[in-house]
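For the sequence shown, the positions run 0 to 306 when numbering that gives the first Met the number 0 is used.
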Amino acid sequence: MDSTKRDAVEELLQTYGETGGINYLAAAATLPSRLAIEATCAELMSLMFPGFRSEALVSSEDLAGATRTRIRNLHARLKTEICRSLGKIPPDEATEAKAEEVLSVFLKELPLVRRVLWTDIDAAYEGDPAAKSYEEIILAYPALEAIAIYRMAHLLYDKVPLIPRIMTEWAHSRTGIDIHPGAQIGSHFFIDHGTGVVIGETTEIGTRVKLYHAVTLGARSFQKDEHGKIKKGGKRHPTVEDDVTIYPGSTILGGETVIGARSTIGGNVFLVQSVPPDSLVYYEEKQLRIVPKRKKRPATTRDEFRE
Numbered sequence: 000m001d002s003t004k005r006d007a008v009e010e011l012l013q014t015y016g017e018t019g020g021i022n023y024l025a026a027a028a029t030l031p032s033r034l035a036i037e038a039t040c041a042e043l044m045s046l047m048f049p050g051f052r053s054e055a056l057v058s059s060e061d062l063a064g065a066t067r068t069r070i071r072n073l074h075a076r077l078k079t080e081i082c083r084s085l086g087k088i089p090p091d092e093a094t095e096a097k098a099e100e101v102l103s104v105f106l107k108e109l110p111l112v113r114r115v116l117w118t119d120i121d122a123a124y125e126g127d128p129a130a131k132s133y134e135e136i137i138l139a140y141p142a143l144e145a146i147a148i149y150r151m152a153h154l155l156y157d158k159v160p161l162i163p164r165i166m167t168e169w170a171h172s173r174t175g176i177d178i179h180p181g182a183q184i185g186s187h188f189f190i191d192h193g194t195g196v197v198i199g200e201t202t203e204i205g206t207r208v209k210l211y212h213a214v215t216l217g218a219r220s221f222q223k224d225e226h227g228k229i230k231k232g233g234k235r236h237p238t239v240e241d242d243v244t245i246y247p248g249s250t251i252l253g254g255e256t257v258i259g260a261r262s263t264i265g266g267n268v269f270l271v272q273s274v275p276p277d278s279l280v281y282y283e284e285k286q287l288r289i290v291p292k293r294k295k296r297p298a299t300t301r302d303e304f305r306e
């Protein structure tokens, strides 16, 4: 190894000692595996939509056996990662018991999640004239994947650290839709197109809400303590009541901001204040001008230039 490479190695090793918080070494492996959680997300999508998420088709006769196998695999993988997230590898008796408790509740709630996802699919079908079938929505609509993973991550959000956030960031990286697992979202939820949507941790969304791409439901500002550090927790993101539609590019900020039921927020609106129910919010259009293009001079040919 030449001196340049040796110097790079030594300098990197020095930073590993100085900034240990961003190292993840085998001797202190008490964090969940990102790869394992990503595999878990794929397995969960197969459970929610059997036959849609795998190359091998499953017959009706084999569905029960395939589902049992998926649940066994899911239980084994998630139990290890939950123990890791709780900081115990190998786990002690109390950690194993806690992991089993979390998993038991999680698995029992999956059928309910699937029923709610059916309402989301129905909302997409009824809300998008381009949707030709439920199958098209399941196979091709990125928002459904983001919403499905969010709904399952939300079940774990207040029970184990890290895993729910890794789950929703997996969906975020695949769909461009960023839904924090702490958000509360009702049934019949539809995000049309989806790219660039951001839904913050303390957002509350009612039923039959429709968002378009590039909508942000975010925090207005962050309170700081006497040391200038950001205060964690508290309601920072807006509340969107039932039957609201928010069009592309709109930004709604603040924990005290409430969008009243049945309201419509037009495109590219910036809101930091509450809106009463049955409101239409939009900017007055600036004057639009349509004028003839200036005629372009014809390009000069080389022969004309020579003349």
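The beta-carbon is built from N, C-alpha and C at its ideal position, and this holds for glycine as well.
Nothing here was measured: the structure is a model prediction, and the numbers come from that model.
- Annotated three-state conformation of Gln-13 is helix, per DSSP.
- Lys-295 and Ile-289 have their C-alpha atoms roughly 18 Å apart.
- Between Leu-43 and the set Cys-82, Ser-84, Glu-9 and Pro-163, the nearest pair of CA atoms involves Pro-163.
- Per DSSP, Leu-85 is not a residue of any alpha helix (DSSP H), being assigned neither H nor E.
- The C-beta distance from Leu-102 to Ile-81 rounds to 7 Å, short enough to fall under 8 Å.
- For the 8 Å CB-CB criterion, Glu-108 and Leu-77 do not form a contact.
- Looking only at Glu-135, Thr-202 and Phe-51, the smallest Cα-Cα distance to Thr-256 is reached by Thr-202.
- For Leu-56, the secondary structure class from DSSP, reduced to helix, strand or coil, is coil.
- Taking the Cα of Arg-69 as reference, the smallest distance to any Cα among Gly-86, Gly-50 and Leu-85 is reached at Gly-50.
- In terms of Cβ geometry, Ala-147 and Met-166 do not form a close pair [threshold 8 Å].
- The segment 140–193 contains, as complete alpha helix (DSSP H) runs of 4+ residues, the segments 141–155 and 162–174 (chain order).
- Looking from the CA of Thr-39, the closest CA among Leu-106, Thr-3 and Ala-7 belongs to Leu-106.
- Within the DSSP secondary-structure output, Glu-203 pairs in a beta bridge with Gln-183 and Thr-238.
- Just measuring C-alpha positions, the residue of Glu-240, Asp-157, Asp-191 and His-179 sitting nearest Ala-218 is His-179.
- For Leu-216, the uninterrupted beta strand (DSSP E) run begins and ends at 215–217, by DSSP.
- Per DSSP, Ile-70 has no beta bridge partner at all.
- In the DSSP assignment, Tyr-211 forms a beta bridge with Asp-191.
- According to the DSSP assignment, Thr-250 belongs to the beta strand (DSSP E) that extends over 250–252.
- DSSP, read as helix, strand or coil, puts Thr-256 in coil.
- Around the C-beta of Gly-16, fewer than 16 other C-beta atoms lie within 10 Å, and the residue is accordingly described as exposed.
- Thr-94 and Pro-160 have their C-alpha atoms some 14 Å from each other.
- According to the DSSP secondary-structure assignment, Leu-270 is paired through a beta bridge with Ile-251.
- In the DSSP assignment, Lys-223 forms a beta bridge with Ile-229.
- About 6 Å separates the beta carbon of Arg-150 from that of Val-115, a gap short enough to meet the 8 Å contact definition.
- Boundaries of the alpha helix (DSSP H) around Asp-121: 92–126.
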